[in-house]
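Quick note on my numbering: the sequence shown kicks off at 2 and runs consecutively. We put the beta carbon where it would ideally sit given N, CA and C, even for glycine. Structure, as structure tokens:
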Amino acid sequence: MKQMIIEGNHKLSGTITIGGAKNSAVALIPASILSEGICTIKDVPNISDRDALIEILTLLNCEVKINDNELIIDSRNLKNTQIKESLSNRLRASYYFMGALLGREKYVEIYIPGGCNIGSRPIDMHIEGFKALGAKIKTDGNKYILSADKLIGTDIFLRFQSVGATINLMLASIHAEGTTIIHNAACEAEIINIAEFLNNMGANITGAGTSTITIKGTTKHHDASITVIPDRIEAGTYIILGALCGDNLCIKNICPKHLKSLTTKLKEMGANLIINKDNIIISSTNNLKPINIKTLVYPGFPTDIGQPMSVLLTQANGTSLFEETIWENRMGHVPSLNKMGAKIKVNGMSALIEGPTKLKGTTVIATDLRGGAALVIAGLIAEGTTIITDVEHILRGYENIITKLTQVGAKIELKEI
Ligand code: EPZ
Numbered sequence: 002m003k004q005m006i007i008e009g010n011h012k013l014s015g016t017i018t019i020g021g022a023k024n025s026a027v028a029l030i031p032a033s034i035l036s037e038g039i040c041t042i043k044d045v046p047n048i049s050d051r052d053a054l055i056e057i058l059t060l061l062n063c064e065v066k067i068n069d070n071e072l073i074i075d076s077r078n079l080k081n082t083q084i085k086e087s088l089s090n091r092l093r094a095s096y097y098f099m100g101a102l103l104g105r106e107k108y109v110e111i112y113i114p115g116g117c118n119i120g121s122r123p124i125d126m127h128i129e130g131f132k133a134l135g136a137k138i139k140t141d142g143n144k145y146i147l148s149a150d151k152l153i154g155t156d157i158f159l160r161f162q163s164v165g166a167t168i169n170l171m172l173a174s175i176h177a178e179g180t181t182i183i184h185n186a187a188c189e190a191e192i193i194n195i196a197e198f199l200n201n202m203g204a205n206i207t208g209a210g211t212s213t214i215t216i217k218g219t220t221k222h223h224d225a226s227i228t229v230i231p232d233r234i235e236a237g238t239y240i241i242l243g244a245l246c247g248d249n250l251c252i253k254n255i256c257p258k259h260l261k262s263l264t265t266k267l268k269e270m271g272a273n274l275i276i277n278k279d280n281i282i283i284s285s286t287n288n289l290k291p292i293n294i295k296t297l298v299y300p301g302f303p304t305d306i307g308q309p310m311s312v313l314l315t316q317a318n319g320t321s322l323f324e325e326t327i328w329e330n331r332m333g334h335v336p337s338l339n340k341m342g343a344k345i346k347v348n349g350m351s352a353l354i355e356g357p358t359k360l361k362g363t364t365v366i367a368t369d370l371r372g373g374a375a376l377v378i379a380g381l382i383a384e385g386t387t388i389i390t391d392v393e394h395i396l397r398g399y400e401n402i403i404t405k406l407t408q409v410g411a412k413i414e415l416k417e418i
């Protein structure tokens, strides 16, 4: 078990360099097996989700070389085997092995995925999509067994623009006979990154980044490489931190287009930011206006930045409304923020946030990844010392968070207990 100890109330200045996007990397790693060759993935963040996926690849007899942030994955000698529960439930993205193995091997045995406790997280759209492509699905307790003689392209309509279902169905259908069209597909930047990788290995995917994705089945796939896009959620987290305690804090290696919904809201609040081609420079101000935030699918305000943003709203001059629309349990961090002195009233999936409130250090619990990141921000602006427990959630998604924050002047350390 690890704890983070933060001494708050220090100005942060200097540069934080953003790594590759977790939610892209965790799909690109399983996707690599579809090449049936050797793939290179650059800018993979060094997070515990990466390590869990590498363990699954190793279990499948793939060879993985790690050179800093580059992974070289050789899946030529893949041996299909059951992915055990202790591995699949370590993270959400283990479910991308469903689409990837079904596509390549036409057979998968895998247990239900894990991931943050932010909602019920069903995978019915993934399963319905696999069935539409011709797969047979059996369950045995927590285990899914997916099999198919062959996969045949078809029209798939998603009832919601699910990121995971869109990616999983792209993975399964590149080897299918004929054409698959995913309607009401998710449009996240990560989906474009995955489609580009699959196309680099010989797939024929068009429309990624729009709500209609067309996949023409192809039989020959080959070695490929890809660079993971910058992590817009990691960037968003540090930009929000800069709006609270930055002194010309530079957040580097970002794609401003992917952060438009956040920067638009920050400007509406009166935050002090300069947006450049691949970086944002941000300083704190005492004149933040209250605003309303409603999380939506891309390009709307990202659900994954909602919790960090709620900390910024505790420092606005007035009452803000934060509405979550994707996950039922996005307010797990609120009791901790209120314990630190925030005035937040939760009503179902919405919260009224009164500001400005002085935050004071105390012991708080990270209940999930982004909720944990919100507590790191709160600790860094609070008076006194904040102890965050259960920080494994945070370490799953933020590469080198202690080093990155220490380098810009934060007093933060990780303690094994
Ligand atoms: C991805 O989760 C991300 N995870 C999440 O990030 C992110 O919050 C989410 O997309 C939305 O942007 C990864 O990429 C690994 P969805 P995913 O399928 O794919 C419902 C983080 O903090 N749904 O788009 O699981 C679901 O319950 C994580 O980095 C079904 O009903 O999200 C939710 O309400 C947390 N049936 C909504 O759709 C399904 O079959 C969106 O889920 C699938 C989803």
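>> Just to confirm the assignment, what range does the alpha helix (DSSP H) spanning F98 have?
In response: The sequence position of residue 98 within the sequence shown is 97, counting from 1. Unbroken alpha helix (DSSP H) run through F98: 97 to 106.
> Distance, Cα to Cα, A94 vs L245?
Replying inline: Here residue 94 is taken as the residue at index 93 of the sequence shown, counted from 1. Here residue 245 is taken as the residue at index 244 of the sequence shown, counted from 1. Approximately 32 Å between the Cα atoms of the pair.
>> Just to confirm the assignment: which complete alpha helix (DSSP H) runs, minimum length 4, are found wholly within the segment 7 to 89?
In response: 23 to 32, 49 to 60, 86 to 89
> If you check the beta carbons only, do T390 and G362 fall under 8 Å apart?
Replying inline: Residue 390 sits at position 389 when you count from the first residue of the sequence shown. Residue 362 sits at position 361 when you count from the first residue of the sequence shown. Against a cut-off of 8 Å, the Cβ pair of G362 and T390 comes out as no contact.
> Looking at the unbroken alpha helix (DSSP H) that takes in Y239, where does it start and where does it end?
Replying inline: Reading the sequence shown from its first residue, position 238 is the one you call residue 239. It spans 233 to 246 - the alpha helix (DSSP H) in which Y239 sits, taken as one unbroken run.
>> In the DSSP output, which residue or residues are listed as bridge partners for N280?
In response: Within the sequence shown, the letter at position 279 stands for residue 280. Paired residues: K253.
> What first and last residue would you give for the beta strand (DSSP E) that runs through V335?
Replying inline: To locate residue 335, count along the sequence shown from 1; it is residue 334. Segment 335 to 340 is the alpha helix (DSSP H) holding V335; no beta strand (DSSP E) there.
>> Below 7 Å, is the gap between the Cβ of H127 and the nearest heavy atom of the ligand EPZ?
In response: As a position in the sequence shown, residue 127 is number 126, starting the count at 1. Yes, since a heavy atom of the ligand EPZ falls inside the 7 Å radius drawn around the Cβ of H127.
> Does DSSP classify I259 as helix, strand or coil?
Replying inline: Translated into positions along the sequence shown, residue 259 becomes position 258. Note on residue identity: the sequence assigns His, not Ile, to residue 259. DSSP places H259 in helix when its eight states are reduced to three.
> Contact check, I382 vs G9 under 8 Å by CB: the rounded distance?
Replying inline: On the sequence shown, residue 382 is found 381 positions in, with the first residue counted as 1. On the sequence shown, residue 9 is found 8 positions in, with the first residue counted as 1. So it is a contact: roughly 6 Å between Cβ atoms.
>> Given 7 Å as the limit, tell me if N24 has its C-beta closer than that to any heavy atom belonging to the ligand EPZ.
In response: Locating residue 24 in the sequence shown gives position 23, where the first residue counts as 1. N24: yes, Cβ under 7 Å from the ligand EPZ.
>> Distance check for P291 and S49, CA to CA, integer angstroms please.
In response: Sequence index remark: in the sequence shown, residue 49 carries index 48 (1-based). Sequence index remark: in the sequence shown, residue 291 carries index 290 (1-based). In a straight line, the C-alpha of S49 is about 36 Å away from that of P291.
>> Can you check which of these residues, S148, H176, E191, is closest to G165 by C-alpha distance?
In response: Mapped onto the sequence shown, residue 165 falls at position 164. Out of S148, H176, E191, E191 has the C-alpha closest to the C-alpha of G165.
>> Between L260 and the ligand EPZ, is there a pair consisting of the residue's CB and a ligand heavy atom that are separated by less than 7 Å?
In response: Stepping through the sequence shown from its first residue, residue 260 is reached at position 259. No, Cβ of L260 sits at least 7 Å from all heavy atoms of the ligand EPZ.
>> Is it the case that the segment 217 to 233 contacts the segment 48 to 66, given that we only count it when at least three CB pairs across the two stretches are under 8 Å?
In response: No contact exists between the segment 48 to 66 and the segment 217 to 233.
> Under 8 Å, do G116 and L92 count as touching if we go by C-beta distance?
Replying inline: Here residue 116 is taken as the residue at index 115 of the sequence shown, counted from 1. Here residue 92 is taken as the residue at index 91 of the sequence shown, counted from 1. Cβ atoms of G116 and L92: closer than 8 Å.
> According to DSSP, what are the bridge partners of L353?
Replying inline: One-based indexing of the sequence shown puts residue 353 at position 352. Bridge partners of L353: L322, K346.
> What did DSSP end up calling M202 once you bin it into helix, strand or coil?
Replying inline: Start at 1 with the first residue of the sequence shown, and residue 202 comes out as number 201. Here M202 sits in coil by DSSP.
> If you pair each beta-carbon of the segment 194 to 213 with each one of the segment 321 to 333, do three or more pairs fall below 8 Å?
Replying inline: no
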